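Per our numbering: the sequence shown = residues -10 to 59. C-beta: ideal position from N, C-alpha, C; glycine also. Here the structure is a predicted model, which is why all the values come from computation and not from measurement. Everything below concerns the one structure shown next.
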Amino acid sequence: MTRSLVPVSCPVCAEKQNHTPGDFDPDHEPFGPVGCLVCVHQFSSGEYKSALQQALRELEERRRKPGTSH
């Protein structure tokens, strides 16, 4: 795996409660499985990778802001 994994927003319900197998790698083919624990949506590879990039950007922004605990 070449990147950090953080919870990503579900494209259906916006919750960040993901279910992945223990050896999940977003770059592995075939992709998956990744599911939302709230609405049970199964992410496509594109949905997950896009949401992961967004989540990593948000995490980096929080780390740069003074006074945040992340």
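Going by DSSP in three states, residue i sits in which element: helix, strand or coil?
i	result
Gly35	helix
Leu48	helix
Leu41	helix
For a quick check, are the C-beta atoms of residue i and residue j less than 8 Å apart?
i	j	result
His30	Val(-3)	no
His8	Gly21	no
Pro19	Tyr37	no
Val27	Gln43	no
How would you label residue i, buried or exposed, when you count the other beta carbons within 10 angstroms and need 16 or more for buried?
i	result
Leu3	The amino acid occupying residue 3 in the given sequence is Ala; Leu does not appear at that position. The residue in question, Ala3, is exposed, as its Cβ has fewer than 16 Cβ neighbours within 10 Å.
On the DSSP bridge list, what partners appear for residue i?
i	result
Gly24	His8 and Gln31
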